[in-house]
Structures are given as C-alpha cells and as structure tokens.
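Notes to accompany the following structure.
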Amino acid sequence: MRAEAPAVSDQSLAQALLLRGDEGAFRELYARHTPRLFQFVLRIVGGAEHDAEDVVQETWIRATSALATFRWEAAFGTWLTGIGLNVARGLLRKQGRWELPMEADTPEPSRPPAADGDRIDIERALALLPVGYRTVLVLYDVEGYTHDEIAERLGIASGTSKSQLSHARRALRRMLEPRTQEAHEHA
C-alpha cells in the first residue's frame, strides 16, 4: 500500500514560505522532512545525537537561505539530504573525523557490544565503520543514491564509491557474524 501524497506539495509550501514568509508552511516542510533527515545525519555522524541535532539545524538554516535558488529538478527531500550531507561532512572535518580510508590503511572495526535487538546491533556496527565507508553505505543502501551520484556528492571516483561500499558491507558482515551465528544456534 502506497502512502498518500501530501495535500499540499513541497513546492507550494516553499513558495508560501518565500513569498509570504508563511511560518505554517515552514513548520509543515520541517515536520515532513526532519525525521528522515535526522536519521540520515545521525548515521553519517556515527550515532552522536547532539551532533546530528546541530547538523539538522544548520541544514535547515542553509536550506531556507538557498530556497529561492532551488530549481526543483530533484525532490525537496533529496536536495535537503544533500545539504545535510555537506553540513555533516564539514562538522566531521572540523572534528578531524572525515576521511575516505584507503583500503590498505583501514583497520578492522571491532565487534559492537551486544544489544537487545538486531536493529540496535546494526546501528552500533554502522557507527563503528570508518566514516567514509559508513557514508557510502548509507547513501547507497539506505538513501538509494547511485554510485555516480555518490561520487559527485563526495568528490570521489565512482569506482571508489563501489569499493567503499564493498568494504563497508564486508566489515558489517564480520561485525555482525558472531551474533548471526548465535541466533542460528539458538533457533
């Protein structure tokens, strides 16, 4: 079953915000897009909620400032996610945590601490990945970007995106493998 389309389009809300300064239009855009944006940014910053909140706030500030120049060639949420990615990358750079690891230089992540649920284990394992691996994995597997789109957004080659994704998936499998084996043994 597909979700129903919103009664008022993002573009109409954005126009109301731009032309009339309509606070209700902003609140609606914010309510529609912030939960997904927050989850995306939270994964990129490695689970640090305070950092994710700061990134989301700065993303909305930048988005509203640039709204008049948005050409609507992509969905509003996609555009907003791109801004969020850039803000998150800037924060991680400032903190000295942004890098795209070279394959030979990447240490093996350790297994995440045991958790009550598989989703929690996956989120913890994701947070342990090197930020470059994590970013490509989230963009490709969660957000649905192509390797060419990821390459453009991150300023890397498409082949590097593919390699980062492969390494990220392999590292996640290794981190989660002991838990998967335990589940099969107790079934």
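The end of the sequence shown is residue 402 by this note's numbering, with every number in the run present. Glycine included, each C-beta is placed from N, C-alpha and C at the ideal position.
Contact check between the stretch 261–268 and the stretch 277–295: fewer than three CB pairs, one atom from each, fall below 8 Å, which does not count as touching. For V223, the number of other beta carbons within 10 angstroms of its own is below 16, and it is reported as exposed.
Scanning the stretch 339–369 for uninterrupted alpha helix (DSSP H) segments of 4 residues or longer gives 346–352 and 362–369, listed from N- to C-terminal end. For Y360, the CB contacts under 8 Å within the same chain, skipping 5 residues up- and downstream, are L354 and R368 in chain order. For V260, the three-state secondary structure derived from DSSP is coil. Judged by beta-carbon spacing, G299 lies within the 8 Å limit of F255, meaning their Cβ atoms are closer than that value.
Your pair Y348 and Q379 checks out as a contact, with CB atoms roughly 5 Å apart and the cut at 8 Å.
Per DSSP, the unbroken alpha helix (DSSP H) holding F291 starts and ends at F291 to K309.
The Cβ neighbour count for L244, taken over all protein chains shown within 10 Å, is at least 16; the residue is labelled buried.
Nearest to V351 by alpha-carbon distance, out of I337, R339, G262 and I371, is I371. Judged by DSSP secondary structure, A231 falls within the alpha helix (DSSP H) whose first and last residues are D225 to R235. Using a Cβ distance threshold of 8 Å, L387 and A340 count as a contacting pair. If you compare the alpha carbons of G262, T279 and Q272 with that of F241, the shortest gap goes to T279.
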